[in-house]
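Single-structure report; data block below.
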Amino acid sequence: GLLESSVGLDQVQNKRVTHIFRTMLLRAALRARPSCARGFSAPALARTETTVEESEGMRMIKLCRSEELNSMNDDMATEIYRKLSIWAENDSVGMIVIQGQNGFFCGGADMDWLAAHRSEAAQLYGSLGDVYQLISEYPKPIVAMMNGDTSGSGFGLANTRFRLATDGARFSVPEPSFGLVPDGPALKMLVKCDELSGLPAANYLALSGQPVSSDEMMMLGIASHQIGDDEEALARQIAAVSWGKDKLHGSELEKVLDLYCDWKTSGGLNSRAEALLEEAGGDMDCAPKLWPGEEQKVIEAFGCDSLVETWERLEALPGPFAQAALGGLQAAAPISLLATQRLIQEAKRKPSTAAFSALSARVASRLANGPAFAKVIEHATSDSQPPATSLDDLKAVSEDQVSSLFTP
């Protein structure tokens, strides 16, 4: 591959590529805080992928790769899968908590690892899919504490009933800007956001890469509960409860979260939205809005099935919303944008979790070995900015090129 031929024998150059990939991922995940990305430097690699804290009936997995935004390589995914599998059969374990560190929950697939192991992309995405599937079907309650930034595929670790977002949490989908696509759990979740919000949130967030705040995560249903930034205090509260076999359905956990959380989802709206609506006498015009003043623009630009049409509508719309959304499209690889949109359309047909995860993994693996991701590596190697994608670039991608990513 390109990376191997360019820098495979040059340790210094490899370190520079690693630093640049981290910086690129930070820029994608923290668009509203660019100063963080500019000041980022690569510390020494962590010696362990995760740590485990134990209390009576509870196990807490802490992700320990904050220098990589807690993104997952194959070893880390395998390690988490092994631990969860053992605890699922252990009657003394009643619940699991998954938590990030240092301002990051999970950054999804590790771009550095993937760049250096492109031929093993299918193995990585397969391992990630196994973990995400296990979490979604786990026989005991899993609490995902999204204590910081979650990037696209990292949502797979929160693919559970209890998805807690701290006040400072954020969610974004940066994969198309790397020439890749998001994993199945993130895309299926975004399609559910469409149903909850009545807006084309999946197209908007997955294609533009724009981040959403903790409040917006709640309103979209990405998070089920919102807590303060002291997640350690909540962890202690949870740990104080004895988690036995009689509480596997999460009723006791729900009670703890109800007492501690600021905001939780409830049916179509959430508790805060319901309270505000009640105060307004049921007037829907007074209900809280996801993107005040911009919701109609989201519908107008992203409520169509044609990506070319979306692009043209954004060019015609005035204001910073359209400018930011168009900038997100211009930062992404054309083939990745089109593949992501097709995956969203597939997710709307409500395939099984396993089938859709396998499909998204197949598409991502092929893109990881394709020219778009190779160009990302090339620019990382040369410390240069890739040229902005144009509408002509998008139109130049044929239907056959996109379809080839999806064939069995």
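Sequential numbering of the sequence shown, starting at 100, is according to the numbering used here. No residue lacks a Cβ here, since even glycine has one placed at the ideal position from N, Cα and C.
Taking only three categories from DSSP, how would you classify residue i?
i	result
residue 191	coil
residue 279	coil
residue 494	helix
residue 260	coil
residue 488	coil
residue 506	coil
residue 272	coil
residue 437	helix
residue 221	helix
residue 390	coil
residue 302	helix
residue 448	coil
Check for me: the beta strand (DSSP E) holding residue i runs from which residue to which?
i	result
residue 295	That residue, residue 295, is in no beta strand (DSSP E); its alpha helix (DSSP H) goes 283-296.
residue 162	157-162
Can you tell me where the alpha helix (DSSP H) holding residue i begins and where it ends?
i	result
residue 472	470-481
residue 236	No alpha helix (DSSP H) holds residue 236; DSSP gives it neither H nor E.
residue 409	406-415
residue 254	Premise fails: residue 254 is in no alpha helix (DSSP H) and is neither H nor E.
residue 316	313-319
Relative to the C-alpha of residue i, which candidate in the options has its C-alpha closest?
i	options	result
residue 307	291, 181, 276 and 315	276
residue 165	149, 268, 507 and 327	149
residue 492	502, 213, 442 and 435	435
residue 69	495, 240, 354 and 464	Within the shown structure, residues of the chain are numbered from 100 to 507, placing residue 69 beyond reach of any answer.
residue 425	303, 182, 190 and 440	303
residue 427	488, 352, 463 and 471	488
residue 180	235, 479 and 295	235
Just to confirm, does residue i get its C-beta within under 6 Å of one of the non-hydrogen atoms of the ligand GTP?
i	result
residue 279	Absence of the ligand GTP is noted for the structure shown, with no ligands found whatsoever.
Considering only the beta carbon of each residue, do residue i and residue j sit closer than 7 Å?
i	j	result
residue 254	residue 285	yes
residue 400	residue 413	yes
residue 172	residue 209	yes
residue 325	residue 313	yes
residue 557	residue 245	This structure cannot speak to residue 557, because the chain is shown only from 100 to 507.
residue 250	residue 281	no
residue 283	residue 456	yes
residue 238	residue 322	no
Can you check DSSP and say which residues form a bridge with residue i?
i	result
residue 204	None; residue 204 has no bridge partner.
residue 241	195
residue 151	160
residue 420	Note: residue 420 sits in no beta bridge, so no partner.
residue 171	208
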